[in-house]
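Undergrad:
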Amino acid sequence: MKRLFSAFLAMAILATATIAQAAEKSTLTEIKERGTLRVGLSTFVPWAMRDKQGELVGFEVDVARRLASDAGLKVEFIQPLGTALSQPCLPANLM
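To convert, note that position 87 of the sequence shown is 87 in our numbering; the numbers rise steadily by one, no gaps.
1. In terms of residues, what are the limits of the beta strand (DSSP E) holding Phe77?
2. Hey, Phe77 and Leu41 are a contact pair by Cβ (cut 8 Å); roughly how many whole angstroms apart?
3. Whose C-alpha, out of Gln53, Phe59, Glu55, Arg34, is nearest the C-alpha of Arg46?
4. Please report the straight-line C-alpha distance between Leu67 and Gly54, rounded to a whole angstrom.
5. In this structure, how does DSSP classify Val45 when only helix, strand and coil are distinguished?
6. Put Arg3 into one of helix, strand or coil per three-state DSSP.
7. For Gly35 and Asp51, I'd like the C-alpha separation in whole angstroms.
8. Determine the closest residue to Phe44 out of Arg3, Gly72, Gln79, with distance taken between C-alpha atoms.
Below you can see the structure in the form of C-alpha cells.
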C-alpha cells in the first residue's frame with residue numbers, strides 16, 4: 001500500500017509540475033493568496049468516501065491533504081455536480 005501511495009504521489013507531483021508550467025501564473029497566485037487548495041472529487045470507494053462520522057477519507061483525500069500540507073495550504077473538498085456541469089464551472093471558478 002505504501003509503495004502504491006508513493007508511486008501515485010510521485011505521479012501527482014510530476015503532473016502538477018507539468019500543469020503548473022502550462023497554467024497561468026495568476027491562478028497559482030490566487031491559490032496562494034486564498035491559502036486554500038480547492039479539490040473537486042466525487043465519492044468512489046476506495047479513492048474517496050465518507051466514514052461513519054461523515055468525514056471524507058480515502059486515497060485521493062489523503063493525497064490532496066498531503067499536497068496542500070506540503071504547499072502550506074488548507075484543503076477544501078468540493079463535491080462536483082457531475083462531470084457535465086463540473087467542466088464548465090472550473091474555469092469560471094464557480095466550484
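Just so you know, even glycine gets a beta-carbon here, dropped at the ideal spot from N, CA and C.
TA: Reading from the atomic positions:
1. Numbered from 1 along the sequence shown, position 77 holds the residue referred to as residue 77. Counting along the chain, the beta strand (DSSP E) containing Phe77 begins and ends at 74-78.
2. Position 77 of the sequence shown holds residue 77. Position 41 of the sequence shown holds residue 41. With a beta-carbon spacing of about 6 Å, Phe77 and Leu41 fall inside the 8 Å limit used to define contacts.
3. Locating residue 46 in the sequence shown gives position 46, where the first residue counts as 1. First, the residue type needs correcting, since residue 46 is Pro and not Arg in the sequence shown. The residue with the shortest Cα to Cα distance from Pro46 is Phe59.
4. The residue labelled residue 67 in the question sits at position 67 within the sequence shown. The residue labelled residue 54 in the question sits at position 54 within the sequence shown. Between Leu67 and Gly54, the C-alpha separation is close to 22 Å.
5. Counted from its first residue, the sequence shown places residue 45 at position 45. Val45 falls in the coil class under three-state DSSP.
6. Residue 3 sits at position 3 when you count from the first residue of the sequence shown. It is helical.
7. If you number the sequence shown from 1, residue 35 lands on position 35. If you number the sequence shown from 1, residue 51 lands on position 51. C-alpha separation (whole angstroms): 26 Å.
8. Within the sequence shown, the letter at position 44 stands for residue 44. The residue with the shortest Cα to Cα distance from Phe44 is Gln79.
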